[in-house]
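One line per chain: the protein sequences are A and B, in this order.
My numbering numbers the first residue of the first sequence as 41 and each following residue consecutively.
My numbering numbers the first residue of the second sequence as 26 and each following residue consecutively.
We put the CB at the ideal spot given by N, CA and C, even for glycine.
Since we're looking at a predicted model, the values are computed, not measured.
Have a look at the structure below before the remarks.
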Amino acid sequence: MFGPESAHSPNADDLNALYWVLLAIAVALALAINGALIWLAMRYRTARGSEPRRLRSRRPAQVLVAGSFGVLALVLFVLGVVFTESASDVEPSGPDGLQASSQLTAQRDLSIPVDTEPLTITASGQQWLWRYEYPDGTYSYYELVVPVDTAVLVELDSTDVVHRWWVPGLGGKFDVVPNQVSRTWFKADTEGVYYGSSYQFSGASYAAMRTEVQVVSPTEYQAWLTQQADDIAAAQDFVQEELAIRGEPGTRSGAASVQPVGGEQ
Amino acid sequence: MSGAITPQRPELVSEGVPSRRPRWLEIATSGDHKDVGRMLVAASLGFLTLGLLAFLLIRLQLIVPENTLIEPVTFNRLLSVMAATLVMLFALPLALGLFTYLVPLQVGARSLAFPRLANLGAWLYIVGGAVLYISFVYTPPEAGVNPLPPLSDTAFISNNGVDVWIAAVGLSALGFTLLALNLLVTLRKMRAPGLAWRRLPPFSFSAAVSSWILLVIGPAMLAALTMLEIDRHFGGVFFDPGEGGAPTYWQHLSWIFFTGCYLLMILPAAGAISEILPTFSRKPLISRRAVNASMAAIGAIGLLAWMQNMFTASIPVGWLYFAMLAALALIVPLGVLFVNWLGTLASGAIEMRAPMLFALGAISTLSIGLTAELAHAVVPVNWLLADTTDSTGATGYVLVGGSVLGGLAALHYWFPKMTGRLMGESQARISFWAIIAGVQLTFIPMFLAGLNGQPVDAYKYYEDSVYDGSGTGLEVVTDSFQSLDTYNLLTTIGAFILVTGIVLSLVNAVRSLSHGVRAGHDPWGGDTLEWLALSPPPPHNFDVVPDVRSDEPMRDIRDAVRERQAPAPPAKAESDEPVA
Ligand SMILES: [Cu+2]
């Protein structure tokens, strides 16, 4: 309730760990200020016979206060840098992941281990749906299917306006800007469904611009890829036939994710 | 001496003296800083009412999941207009109105440096605001809180809504820049003898810092707006990603501006709080120098942190760290400011009058908003929280704490100076507690909804059951997007309480104009020069401008008067005692 989505990817671990630090500091500061405020306002009421004393603080006291807040700022800055770097380090795929698969954050500066090659998927935002393209050229709309325990590099791209991609539990959110590739990554540790959305106001149906990540085993992933490729081919054949018969493209409800349906399914 | 005086014909007859113009025309064309200030305050509170109406409509749409009460496009228009109203038509002009009214009085000047320029600035803003609202009869803006290209380019929004936004924000920004320039010259050139910078009252000092900020951000935004307009209608490609431009340029320029606006929600309130606390604790700030220095540092460092709003953009990691450093460095002056406020309360004799109540509420609300914002200042946490309703909540706390509660504290405090009457005390209390309750109930659920992933600015959200994994044959791993219905319902209830509280204060102000208890020139025993002038002050403000010999000129004057009235050895008020 008071925390973010539990982390299911190493970079999400980093983000969440620092979140709890910041939550603790913010709550402590807010409680301290408000507690002192209420106590002082009660304690020194004229109604309680309080007489004013014209206290003036000297410079060393102010410097001490500024210095302690300065230390806090510095500690937070160092933590911020360390965790940003750590979240930008792409981890190699694990033993359960797709092997021989596996660099940059809008995250412009992702660091990718040299001996591995992550599974690279292009996530393309368009008003108002997400299109995912896999290394073999297969594509899907709305849903992204990936193997578990596998480092997935997501290249973010837009065909129209600025969007922002985020799936809670799988890392941070990053801008999706036309003509500019930015990247993020995740390595999902649990099979199942993760939901996400666009987080940049992008016009009328922005609220419907949702997405879904399905994390499956490597064998299921391969099977899904093959099936999806077949579905796409079948759909294209159908369109060709319709064109030949009627001279105009027909509509057909094939596999849902072959057609652009946005988040409204 | 006897007999009645009989009326006689005037002995001097002059032709061609213009007859007195109607009062409203006098005020509308006046170069008197008090007329301009009142006009700005009145207009900003009027626009606040409209902005709150839009806010309530937005909250009604979000009261239940997948609500169809308001069309998506209508929602987006309300959203765009609400955001522009609360920042550009309420927060900034309220602060500038109070500054324009009070700064000349506080520094012992008889007018502003450029009286006509102030009038022009106010009208540019009022016309800008009118343009925004008149657009409802044709096409209001619909490109969101910040109309990011390419969405705001004609390729995606071809109607004139974005042009309306450009005109409204541009006219207001120009007006504000002129008002700021005027204040700066007045502060620099027209201070009473002896009123050195270090003796400047905190409210006037915050006016100086705020004006400097406006001189930086105003021209930047005017340039950005011009470029956007050229892109839209004159074949420009400044922000066109396909033609060598980049949307990122707009992000930088607009975020410099909006970061400045954010600071202008905090600093004027900080200045007002720093005057109200001493007055109602019957003791000076523990260090005026530290308070003023903090405000200057907040302005300078705060502006450097504009990229804090762009942590999710593809910018080199070195720049991310620079922005994070600046955003975190703000802790230092903000912390010093809060500690000085608390220290000023300690050992005081606190009288809990309405201005004091609102000032304490402003401190409390600001502290929550600013500590919540602290989490957004750290890059990895920002990646989690940015653009969820969590960021709306954090900004909401600052807007309500600074501009609303801080603004109302200032209004209650200086209302008797501006009108000669006090605002109703008991209505003020009801209003205050409604706002305090409303703000928690509105924004805390927003924090929780944001943690559950609710995107910012969306016209709807979905029921929990939409996220049950049906159709995939897979388990749902996360519990994101759950319970949004409960949180949004609470927020909507809170919003109605909050708005009721604010409206009660506005009604109180209007009613007190004619029904308020009459106040003398110095109802609170303030220590700054504006309390020397009559309430309301005459056009020339002061008959005699006194020499300023300390931080607290009115205290010196009161002491002098007391000495003259009681020739016996005066019980000189307690002198200052230093503490560690
Ligand atoms: Cu989008």
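Is it right to say leucine 50 of chain B is buried, meaning 16 or more other beta carbons lie within 10 angstroms of its own, or is it exposed? Exposed.
Does any heavy atom of ligand 1 sit closer than 7 Å to the C-beta of glutamine 240 of chain A? Yes; taking the cut-off as 7 Å, the Cβ of glutamine 240 of chain A has a heavy atom of ligand 1 nearer than that.
Express the C-alpha separation of serine 242 of chain A and valine 89 of chain B in angstroms, rounding to a whole number. Taking the straight line from one Cα to the other gives about 22 Å.
Please confirm whether alanine 106 of chain A and valine 316 of chain B have their CB atoms less than 8 Å apart. It is not a contact, given that the beta carbons lie outside the stated cut-off.
Around the Cβ of tryptophan 190 of chain B, are there at least 16 other Cβ atoms within 10 angstroms (buried) or fewer (exposed)? Its Cβ being crowded by 16 or more others within 10 Å, tryptophan 190 of chain B is buried.
Cα-Cα separation, threonine 420 of chain B to glycine 343 of chain B: For threonine 420 of chain B and glycine 343 of chain B, the distance between alpha carbons rounds to 26 Å.
Quick check on methionine 64 of chain B: buried or exposed, where buried means 16 or more other Cβ atoms within 10 Å of its Cβ? Burial call: buried.
Heavy atom of ligand 1 less than 7 Å from the Cβ of histidine 203 of chain A, yes or no? Checking every heavy atom of ligand 1 against the Cβ of histidine 203 of chain A, one is found closer than 7 Å.
So is the beta-carbon of glycine 120 of chain A under 7 Å away from any non-hydrogen atom of ligand 1? Result no, Cβ not under 7 Å from ligand 1.
Chain A contact for leucine 353 of chain B (CB, 8 Å cutoff): Under the Cβ criterion of 8 Å, leucine 353 of chain B is counted among the residues facing chain A.
Reducing DSSP to helix, strand and coil, say where histidine 48 of chain A ends up. DSSP places histidine 48 of chain A in coil when its eight states are reduced to three.
Members of the segment 186-209 of chain A near chain B, C-beta cut-off 9 Å: Closer than 9 Å at the C-beta level to chain B, one finds these residues of the segment 186-209 of chain A: Leu196, Ser198, Asp200, Val201, Val202, Arg204, Trp206, Val207, Pro208 and Gly209.
Tell me which residues share the same chain as alanine 108 of chain B and place their Cβ nearer than 6 Å to its Cβ, disregarding the 5 neighbours each side in the sequence. Within the same chain, alanine 108 of chain B has close Cβ partners Val170.
Own chain residues within Cβ distance below 6 Å of tyrosine 235 of chain A, not counting five before or after: Cβ neighbours of tyrosine 235 of chain A beyond the five flanking positions: Glu252.
Going along the chain, which residues of its own chain have a beta-carbon closer than 6 Å to the beta-carbon of glycine 200 of chain B, five neighbours each way excluded? Close CB contacts of glycine 200 of chain B within its chain, under the 6 Å cut and outside five residues either way in sequence, are with Gly146, Leu149 and Tyr150 (chain order).
Can you tell me the Cα-Cα spacing of aspartate 129 of chain A and phenylalanine 383 of chain B, whole angstroms? One Cα belongs to aspartate 129 of chain A, the other to phenylalanine 383 of chain B, and the distance between them is close to 48 Å.
Taking Cβ to Cβ, would you say phenylalanine 305 of chain B is nearer than 8 Å to methionine 381 of chain B? Yes, the pair counts as a contact, with Cβ atoms nearer than the cut-off.
Would you kindly work out how many angstroms separate the C-alpha atoms of glutamate 91 of chain A and tryptophan 275 of chain B, rounded to a whole number? For glutamate 91 of chain A and tryptophan 275 of chain B, the distance between alpha carbons rounds to 55 Å.
Is tyrosine 246 of chain A near ligand 1, going by C-beta to nearest heavy atom under 7 Å? Flag set: Cβ of tyrosine 246 of chain A near ligand 1.
If asparagine 92 of chain B and lysine 485 of chain B are in contact, beta carbons under 8 Å, what's the gap, nearest whole angstrom? For a cut-off of 8 Å, the C-beta gap from asparagine 92 of chain B to lysine 485 of chain B is around 6 Å, short enough to register as a contact.
How long is the line joining the alpha carbons of valine 61 of chain B and leucine 169 of chain A, rounded to whole angstroms? Approximately 50 Å, taken between the alpha carbons.
Determine whether the Cβ of lysine 606 of chain B lies closer than 8 Å to any Cβ atom of chain A. As displayed, chain B neither begins before 26 nor continues past 605, which places residue 606 of chain B out of reach and without an answer.
Here's the rule I'm using: 16 or more other beta-carbon atoms within 10 Å means buried, otherwise exposed. How should serine 236 of chain B be labelled? By the Cβ neighbour-count rule, serine 236 of chain B is buried, with 16 or more other Cβ atoms within 10 Å of its own.
Note down, in chain order, each residue of its chain lying with its Cβ closer than 6 Å to the Cβ of leucine 77 of chain B, except the 5 sequence neighbours on either side. Closer than 6 Å at Cβ, skipping near neighbours: Val524.
Tell me whether glycine 236 of chain A, by its Cβ, gets closer than 7 Å to a heavy atom of ligand 1. Checking every heavy atom of ligand 1 against the Cβ of glycine 236 of chain A, none is found closer than 7 Å.
Once DSSP output is grouped into helix, strand and coil, what is the label at glutamate 306 of chain A? The question about residue 306 of chain A has no answer here: the residues shown for chain A are numbered 41 through 305.
Using a Cβ distance threshold of 8 Å, determine whether the segment 223-237 of chain B contacts the segment 280-299 of chain B, with at least three qualifying pairs required. Output reads yes: the segment 280-299 of chain B touches the segment 223-237 of chain B.
Give me the Cα-Cα distance between serine 197 of chain B and leucine 239 of chain B, rounded to the nearest whole angstrom. Each residue's alpha carbon lies about 11 Å from the other.
Distance, Cα to Cα, leucine 137 of chain B vs histidine 58 of chain B? Roughly 6 Å between the two C-alpha positions.
CA-CA distance, leucine 111 of chain B and glycine 154 of chain B? About 11 Å.
With a Cβ-Cβ cutoff of 8 Å, do asparagine 51 of chain A and glycine 211 of chain A count as a contact? Yes, the pair counts as a contact, with Cβ atoms nearer than the cut-off.
Touch test, the segment 215-224 of chain A against the segment 445-458 of chain B, Cβ-Cβ under 8 Å, three pairs minimum: With the cut-off at 8 Å, the segment 215-224 of chain A and the segment 445-458 of chain B do not touch.
Distance CB(valine 501 of chain B)-CB(valine 233 of chain A) smaller than 8 Å: The Cβ-Cβ distance between valine 501 of chain B and valine 233 of chain A falls below 8 Å.
Near ligand 1: tryptophan 206 of chain A beta-carbon under 7 Å from a heavy atom: No; taking the cut-off as 7 Å, the Cβ of tryptophan 206 of chain A has no heavy atom of ligand 1 nearer than that.
If leucine 114 of chain A and leucine 58 of chain A are in contact, beta carbons under 8 Å, what's the gap, nearest whole angstrom? With 8 Å as the limit, leucine 114 of chain A and leucine 58 of chain A do not qualify as a contact, their Cβ atoms being about 15 Å apart.
Measuring alpha carbon to alpha carbon, tell me which residue in B:Pro166, B:Asp412, B:Pro272 and B:Arg313 is nearest glycine 633 of chain B. Residue 633 of chain B cannot be examined here, being either before or after the span of chain B that is shown, 26 to 605.
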